[in-house]
Each structure stands twice: as structure tokens, then as C-alpha cells.
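Engineer: This is the structure I want to talk about, given as C-alpha cells.
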Amino acid sequence: MGAGRFSFFKVITILLLLFFVEVSSYAATLTVNRQAAFLSVADIHFDPFLSCSKDEKPCPLIEALRRAPTSQWQDIFDQYNRLRSQYYHDTHHLLLKSTLQEMKDIANKADIKFVLILGDFLGHDFKKSFRAYSSDKTDYSYQAFVRKTMGFLSNEINHAFPTVDVFIALGNNDSYKGDYHPELQGLFLQDMAELWSKTIKDSVARNIMQNEFLQRGYYSINIPKQPTLRLIVLNSVLFYKDSLDKKTTQAAIRQLAWLHDELEAVKQKNQKAIIAFHIPPSVDVYLPFKKNLFISLELWQKQYIKYFQAELTEFSTSMMAVLPAHIHVDWFQIIPVGNGEKVLMNTTPAISPLFGNNPAFKVFSYAVPSLDLLGFSTYFYSFDTRKWLQEYSFNIQNPTNHNGILMGDGMSFIKLSGQLAAYYKWTMQLSPMLDFLLQTGAANIDISYK
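So the sequence shown is residues 1091 to 1540, counted in this note's numbering.
Printed below as a string of C-alpha cells:
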């Protein structure tokens, strides 16, 4: 890892070492149960335009991709490749190949039960780049190219996970309309329901996902071969702070009502739930860099945050985890919900290195049959060594049903004061924002960063 790159990973490593000192005396007393694992990846932001030259328009690579079926895209990328993956760019074809191969290898070693992809398949400024490098700049041609890109990515995912179910959530860049333009109905949901359902190998789960996603862009499903674990996949783009038109507001309210019904059913059936989505109900960590005092602090609209927190409070004992993405970094948030209960929100970092971060993904472990979340391991790609490495592992090895030190308990040892917290705030240049949050309790959620 290069100096100054993604240095908050180093902070996490130190914090986790301190945590294990705190809890090691407890872990020795725990009873071993069976463990299972799932993999989470997000913010791929695949950019096929990176191998194009500004001096050559239209771009031969894009023209070749437009003409060819997706089954030939891999060979075309190999032919036109001109660039190594690097910081401050979205995901190049070679980085995509490397990521999928690494995830495939880890899935085989760790006996991964399922995979979550938490949105944002397309590169930033995808539409702008298409119009710059394509000979046909019409909306029809753009939509056709987006669909083929999504089809190519779906095919590559299936090749990486031929027997593992992969569940996908919508991101703000996943649209025919453009960034942060939620698709409420229509062709995009129809096309993605067809493509993304094919990544689910279990036929019952596949049909449920396709039918529900087609209607509204979100869905819920029992994890195949594990009916006590319910996966609830939200379309969080509907909750975004700038999604203010009437139809989007109505769709957001319907989704929250649906979420309540889903969680009520989970509770009645004695299940546990994973809530997976793209945009977190948290603060915009890049706000200090925007230098605009009139930008909303939260990524969701405030009324949706309050509603969501109320749902977490009511159904906290039915939660395994809340898993968002979007902000490209690896962080977590402990949400206290009263009566000594807490819900852990744990974000998946990005594959795209656009913001100077190392590409990374996570493997989560959980106990069976209690369905308590035990921990996670983060894997990252080093541009120095051109290899994937395990950055750190935050895992409790000996879970119990009721008496163990679980991941949420362990993370509570990590505090917002002291030298490590000061170093983190300096590293992320977020000290004024964090101080403000601590003083105001913004968004009615206790913001707890690493």
C-alpha cells in the first residue's frame, strides 16, 4: 500500500488490536458453534472508456464493443488494453478481472454461502464519456450500451460464482437516466430484473427476485438452504436527499411501509434479517471538501432517517446486520436503539480507486444457527505489489447463542476520543464535521466512526 493511501486501514488495524486485548479474556470461555460466511462487494464503477484516447474519437474500443455481443467483450478488451489500473480512476478492465478472480478464489476457500453486490456498477460520468467517445450519441444507443455493459458484468459475475447465489442492490449510478435519477418503473428495471436474476442460482429465489424487482426495484428473499435468514434489499436511491419530486417521494414512502411489513414478518417467523442497500442513512463524509454550507449534512432525507431508525429500534433483536456502501471507504456505525440494544451498520468499501482508495471488499462471518454476526475480513488490492492482500480480520472465533462477545459488542470498545480518534480525524480531514456531529447528535443517530 502506498504511503498516504487509504491510511485509515492502518488506524483500523491498531484499533482492532486494542479491541482484542480488551476481549481476549472473554473469548476463551465461549463455546464453539458452526460458522458460515458471505462476501460483500460494492461500487465497482466499471469504466470501459479508460482505454480510449482523447485524440481519437470515436474510440475504436467503444465502437467495437457496441457492435459485438457481450460474449466477445473480454477478447476485445484484451486487444485494446492500453492502461494499467491506478489511483484516481474508476475500475479498469484489468482491475475488474483481478477482482473477480480474487473473489472467486476466496469464495472457494472460505465456502461462501452467498454474495452481496451493493450497487454502482457503472463508472462515474458514464453518459458523458459515452457521448464523447461514441459515434452514435443518441439516448437509444446509450441505453443499448448500458444494457450490454450490465450484461457483460452479469456474465463475468456468473463465471466467477457459477454455483453461488449473488444478490444485487441498485446504486445511484445504475440507471438509464443518469446519476441519482431513480428508476421507478419501466425498461431499466425490466432489463436489470432479467440480468440480475440470472446471478441467483436457486430457481425459487431467482423467480422471487425477478418478479419483485421488476415491480419496484427492491425485493426480499430467504437465503437458499437457510430459511431463517431473510435478506431485505432496498432501493436507497429513493431516500436520497435530493430525490424530492412527488412520484419519488410516494415511492419512498411505499418502500418504508413495505420494509415495516417485512420486518414484522421476520419477527413473527423468528428469523434474522440482513438489510442491504447502497446509500447509507448517514452523513456525507465528503461534505467538508465541497465547502458549501448549504448542502444537507445527511445523505438521506431526514424524515426517512427517523423512520428507518424507528424500524431498527422496534426490530433490533431481529437484525443480523445493516449493510450499505456508496462512500467508498471502510467504516462502521453503532446505532443505539434503546434498552441496551444496538444495531451495527457496516459499510462495504469500493472496488473503484477513484478517490485514492485501494480497491477492497469484505467477507463476513456469522454463527449458525443463532445467526449472530461474528466479524469480517477486508481484502484490498495493492497498486505497489499488484496483488490482493488481507488488510485485517475482525472476527470472534468462538460464538455462542446468547453469551458471546459478538462483533457489535466488540466495536463498542472503540471510542471517539483519544490519540487514535484524533489521528483518524486528521487523516480524513473531517475534524470540524465530527465535532459538529458529536455536539448536535445530527440525524438522531449516534455517529460512531472508526
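Where is the CB? At the ideal position from N, CA and C, for every residue including glycine. The structure presented is a predicted model; accordingly, all values stated were derived computationally and were not measured.
#1: Who are the Cβ neighbours of Tyr1469 in its own chain at under 8 Å, not counting the five residues just before and after it?
#2: Taking C-alpha atoms, which residue in Tyr1308, His1249, Tyr1170 lies nearest to Pro1150?
#3: Excluding the five sequence neighbours on either side, which residues of its own chain have a C-beta within less than 8 Å of the C-beta of Val1427, listed in chain order?
#4: What ranges does the beta strand (DSSP E) occupy inside the segment 1350 to 1375, keeping only unbroken runs of at least 3 residues that lie completely in it?
#5: Please return the same chain residues whose Cβ sits closer than 6 Å to the Cβ of Phe1445, not counting the five positions on each side in sequence.
#6: Within its chain, find whatever has a CB closer than 6 Å to the CB of Val1356; leave out the 5 residues flanking it on each side and keep chain order.
#7: Using three-state DSSP, classify Gln1340 as helix, strand or coil.
#8: From the DSSP output, in three-state form, read off Ser1143 for me.
#9: Give me the Cα-Cα distance between Tyr1309 and Gln1275, rounded to the nearest whole angstrom.
#10: Is Ser1483 near Ser1472, with beta carbons less than 7 Å apart?
#11: Taking the alpha carbon of Pro1414 as the reference point, which residue from Lys1291, Ala1126, Asn1123, Ser1130 has its own alpha carbon closest?
#12: Quick one: is Gly1307 buried, meaning 16 or more other Cβ sit within 10 Å of its Cβ, or exposed?
#13: Which term fits Gly1430, buried or exposed, when burial requires 16 or more other beta carbons within 10 angstroms of its beta carbon?
#14: Which complete beta strand (DSSP E) runs does the segment 1382 to 1434 hold, if anything under 3 residues is left out?
#15: Helix, strand or coil: how does DSSP classify Ile1207 here?
#16: State yes or no: is the C-beta of Phe1367 within less than 7 Å of the C-beta of Ala1200?
#17: Using only CA atoms, which one of Asn1263, Asn1262, Asp1255 lies nearest to Asn1297?
#18: May I ask you to report which of helix, strand or coil DSSP gives Leu1319?
Structural biologist: The short version:
#1: Glu1192, Ile1196, Ala1450, Phe1451, Lys1452, Val1453, Trp1478, Leu1479, Gln1480, Glu1481
#2: Tyr1170
#3: Gln1399, Leu1402, Thr1403, Ser1406, Val1433
#4: 1362 to 1366
#5: His1418
#6: Arg1320, Ala1363, Ser1408
#7: helix
#8: coil
#9: 14 Å
#10: no
#11: Ser1130
#12: buried
#13: exposed
#14: 1409 to 1413, 1422 to 1428
#15: strand
#16: no
#17: Asp1255
#18: strand
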